[in-house]
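As structure tokens, the structure follows; a few thoughts come after it.
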Amino acid sequence: MDVMLTGIENGQGLVGQFVMGEEMYTDITTRLAGLRRGIHAASSRTSALGRELYTDALFRQVSAPVEALDQRLAMLQSGQGSAGRLLQDNAQYDQLRAQIAAVRRDIGDARQSKMLSSPAAYDDFNRSLATWIQKVDEFNITPMMSTTAVYDNLTGLAKELRESVNDFRGNPRKFLRMGFF
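What follows is the structure, given as structure tokens:
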């Protein structure tokens with residue numbers, strides 16, 4: 094212990110330098126003063142941090158969405174709006190649930206239908222569908238569908254009919270003549 098105290102008195106080691114010398118004390122004091130100046134500069138009203146510390150802008154920015162959420166929750170609890178009415182009244186929920194149950198029953202009935210449960214009925218349906226497809230294909234290759242003549246004739250007929258109807262609307266007396274012997 095005596096050796097340790099002698100080392101401190103002679104200024105050896107960090108503790109000895111701190112106790113006996115002023116250099117470490119001055120360095121710490123200088124650093125603390127610099128820290129204090131930095132804190133004062135940062136917390137001045139002109140700095141970004143100071144503006145946030147001395148004004149309520151950040152508080153308003155954070156509290157505005159919270160207040161809006163609180164108002165929306167209050168509206169829901171009071172039964173306002175469609176969502177609020179849904180929370181207050183079980184009728185829509187019960188109706189939706191009944192509709193879902195009806196759809197589930199219909200799907201169950203469809204699964205048990207002869208068409209889905211019987212391979213023979215499925216095969217008959219496929220055969221009749223193939224026959225229909227074949228008939229449509231045969232109709233498409235007829236001369237009536239392979240040329241534009243039928244289309245052109247129908248287009249001309251539609252144009253003449255449109256002109257006749259417009260003429261009738263413009264002068265109906267021209268078409269409605271009554272003649273007596």
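Per the numbering used here, the sequence shown starts with residue 94, numbered consecutively. Even glycine gets a Cβ: it sits at the ideal position worked out from N, Cα and C. Since this is a predicted model, take the numbers as computed values, not measurements.
Looking at the structure shown, is residue i part of a helix, part of a strand, or coil, going by DSSP?
i: phenylalanine 261; result: helix
i: leucine 222; result: helix
i: phenylalanine 232; result: helix
i: leucine 269; result: coil
i: glutamine 205; result: coil
i: threonine 241; result: coil
i: serine 210; result: helix
Leaving out five residues before and five after residue i in sequence, what residues of the same chain have Cβ atoms less than 8 Å from its Cβ?
i: tyrosine 118; result: Phe111
i: serine 210; result: Arg204
i: alanine 150; result: Arg144
At the level of alpha carbons, what is the spacing between residue i and residue j?
i: alanine 251; j: lysine 228; result: 28 Å
i: glutamate 253; j: isoleucine 234; result: 29 Å
i: arginine 198; j: valine 159; result: 45 Å
i: asparagine 219; j: aspartate 260; result: 51 Å
i: alanine 157; j: arginine 138; result: 23 Å
i: glutamine 185; j: arginine 165; result: 21 Å
i: leucine 247; j: alanine 194; result: 50 Å
Beta-carbon within less than 7 Å of residue i's beta-carbon, same chain only, minus the 5 sequence neighbours each way: which residues are those?
i: methionine 168; result: Gly174, Gly177
i: serine 136; result: Leu142, Gly143, Leu146
i: glycine 104; result: Gln110, Met113, Gly114
Which whole runs of the alpha helix (DSSP H) in the segment 132-192 are 4 residues long or more, in chain order?
Counting whole runs of 4 or more residues, the segment 132-192 contains the alpha helix (DSSP H) stretches 141-147, 150-171, 174-181.
What alpha helix (DSSP H) runs, 4 residues minimum, are completely inside the segment 99-137?
If one requires a minimum length of 4 residues, the alpha helix (DSSP H) runs lying completely within the segment 99-137 are 106-113, 116-135, in chain order.
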